[in-house]
Amino acid sequence: MIQYKSDSCIRNSYFHNHCSDCVDVCTENVFSIFQNKIVLDSEKCTLCSACLGSCPSEALSIPNIDPNVEIAGKISDVFECDTKTCLARFDSHHLAVASLKNEKFTLDLSKCESCQIGEYENTIQEKVVKANTFLEKLGVENRVGIKKEIEEKSKKRELFKNILKKGEDQIIPQKDSFTKKFYPLKQKLLVDEVKKLDIDLKNGGGLIWTQEISSNCTNCGDCIQFCPTEALLRSSDKLQIFIRANLCISCGVCNHICKVDAIQKSDEVGILDLMKPKELIKFEMAICPECKTPFIKRGDEQICDRCHDFVHNHSNIFTLARDM
10 MIQYKSDSCI RNSYFHNHCS DCVDVCTENV FSIFQNKIVL DSEKCTLCSA
60 CLGSCPSEAL SIPNIDPNVE IAGKISDVFE CDTKTCLARF DSHHLAVASL
110 KNEKFTLDLS KCESCQIGEY ENTIQEKVVK ANTFLEKLGV ENRVGIKKEI
160 EEKSKKRELF KNILKKGEDQ IIPQKDSFTK KFYPLKQKLL VDEVKKLDID
210 LKNGGGLIWT QEISSNCTNC GDCIQFCPTE ALLRSSDKLQ IFIRANLCIS
260 CGVCNHICKV DAIQKSDEVG ILDLMKPKEL IKFEMAICPE CKTPFIKRGD
310 EQICDRCHDF VHNHSNIFTL ARDM
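Quick note, the working numbering runs 9 ahead of the 1-based positions in the sequence shown.
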């Protein structure tokens with residue numbers, strides 16, 4: 010049966026996130042949203058595995074079906090749904106990795122039109138386009154191919170009955186996880202494969218992202234605290250903020266939580282950004298001339314935020330009656 014780790018779900022971890030990819034892709038209405046959180050009815054699940062390829066944080070899993078394991082191994086020239094379960098289980102990250110490992114990599118979609126349980130051909134096609142866009146911007150000639158010819162003697166598959174039987178016979182118990190942070194393996198597979206290439210990476214191609222922080226940043230630390238993959242981090246003196254682009258999954262949590270809209274995502278990623286943390290912003294300490302306390306200086310600020318607020322919003326309390 011399908012398994013769901015709610016603590017790895019971006020939407021469940023952060024109230025203001027509106028990810029609904031699993032809800033949108035499932036044709037059996039297994040997933041729904043209740044009180045702004047994802048809930049599922051596992052009894053409706055046909056184990057087609059399409060949701061596995063839609064979840065950005067890999068919060069969903071099915072025993073004996075692991076697209077990461079398949080992609081991490083040797084890549085054959087053609088992936089077929091009648092031998093590999095539904096091809097929608099692969100994300101664009103998986104497809105890009107497969108193509109980088111095998112330049113002849115092709116998806117056989119010839120049976121999609123007659124598929125009896127789902128309508129995922131368009132979903133798969135969209136992932137192929139996204140993967141190929143990434144490969145093009147990467148500057149390599151590899152592309153994910155598509156095969157749609159239908160063989161005359163092809164038999165109607167009994168795939169999902171077999172998967173269901175196999176799933177019932179080999180259920181693997183899973184312990185509850187209390188780890189707050191997570192890192193999707195598909196992201197690591199892609200980054201590791203890109204690192205092997207002798208290229209001058211300049212653009213993430215829609216699959217690899219980084220962040221940029223403007224001078225509006227107040228150094229409150231909310232983006233760092235709520236980053237689900239720990240892509241954002243501070244220096245030991247808390248005067249610098251760095252990003253590890255290899256860990257960023259562009260979930261949008263940091264962008265949504267910033268009260269001053271100081272952080273924005275960017276796909277301008279260099280190969281060195283995948284190797285080591287990149288400094289996004291650096292602050293300096295100063296002594297406020299009004300209250301004589303140290304504060305983090307931003308730009309041309311001369312006094313701390315507290316004194317600035319007092320001077321501009323509360324100075325009228327010292328106005329004498331004769332001056333009113």
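Just so you know, even glycine gets a beta-carbon here, dropped at the ideal spot from N, CA and C.
**OP:** Just tell me which of Gly308, Arg315, Cys229 and Arg152 has its CA closest to the CA of Lys268.
**Re:** Cys229
**OP:** State buried or exposed for Gly82, treating a residue as buried only when at least 16 other CB atoms are found within 10 Å of its CB.
**Re:** exposed
**OP:** Go ahead and pull the three-state DSSP assignment for Glu221.
**Re:** strand
**OP:** Under 8 Å by Cβ, that's how I've got Val262 and Cys236 pegged, so tell me the actual separation to the nearest angstrom.
**Re:** 6 Å
**OP:** Please confirm if Ala140 has its CB atom under 8 Å from at least one CB of chain C.
**Re:** In summary, chain C is missing from the structure at hand, where a single protein chain is found.
**OP:** Quick one: which unbroken beta strand (DSSP E) runs of 3-plus residues sit fully inside the region 196-262? Chain order, please.
**Re:** 219-222, 241-243 and 249-252
Subject >> Cut-off 6 Å between Cβ atoms - residues of its own chain near Cys18, not counting five sequence neighbours on either side >> reply: Ile47 and Ala68
Original post:
Which residue from Lys110, Glu158, His265 and Ser58 puts its Cα closest to that of Leu199?
Top reply: Lys110
Original post:
Are the beta-carbon atoms of Ile222 and Ala254 separated by less than 8 Å?
Top reply: no
**OP:** Quick one: using the 10 Å Cβ neighbour count with 16 as the cut-off for buried, is Lys120 buried or exposed?
**Re:** buried
Subject >> Start and end residues, alpha helix (DSSP H) containing Ala295 >> reply: No alpha helix (DSSP H) holds Ala295; the beta strand (DSSP E) holding it covers Glu293 to Ile296.
Original post:
With Lys195 and His103 assumed to form a contact (beta carbons below 8 Å), what rounded beta-carbon distance in angstroms separates them?
Top reply: 6 Å
Subject >> C-alpha gap between Pro72 and Phe143, whole angstroms >> reply: 30 Å
Original post:
In three-state terms, what does DSSP make of Ile11?
Top reply: coil
**OP:** Quick one: which unbroken beta strand (DSSP E) runs of 3-plus residues sit fully inside the region 58-107? Chain order, please.
**Re:** 87-89
Subject >> Extent of the continuous alpha helix (DSSP H) run through Ser22 >> reply: Ile19 to Ser22
Original post:
By the 10 Å Cβ neighbour count, where 16 or more other Cβ atoms means buried, how is Lys157 classified, buried or exposed?
Top reply: exposed
**OP:** Could you work out which residue in Ser108, Gly62 and Arg315 is closest to Tyr129 when comparing CA atoms only?
**Re:** Gly62
Original post:
Would you call the region 203-219 and the region 130-150 touching, i.e. three or more CB-CB distances under 8 Å?
Top reply: yes
**OP:** Leaving aside the five residues before and after Ala140 along the sequence, list all residues of the same chain whose C-beta is less than 6 Å from its C-beta, in chain order.
**Re:** Ser101, Leu104, Ala105 and Val153
Original post:
Hey, how far is the Cα of Ile305 from the Cα of Lys291?
Top reply: 10 Å
Subject >> Cβ neighbours of Leu206 in the same chain (closer than 8 Å, five flanking residues each side left out) >> reply: Leu109, Leu147 and Val149
Subject >> Lys247 versus Leu281: straight-line alpha-carbon distance, rounded >> reply: 23 Å
Subject >> Leu109 (DSSP reduced to helix, strand or coil) >> reply: helix
Subject >> Residues sharing a beta bridge with Val48, DSSP >> reply: Ser41
Original post:
So, Thr238 versus Lys287, is the Cβ gap smaller than 8 Å?
Top reply: no
**OP:** With a threshold of 16 other CB atoms inside 10 Å of the CB of Val137, please say whether the residue is buried or exposed.
**Re:** buried
Subject >> Limits of the alpha helix (DSSP H) - the one that Leu144 falls within >> reply: Glu130 to Leu147
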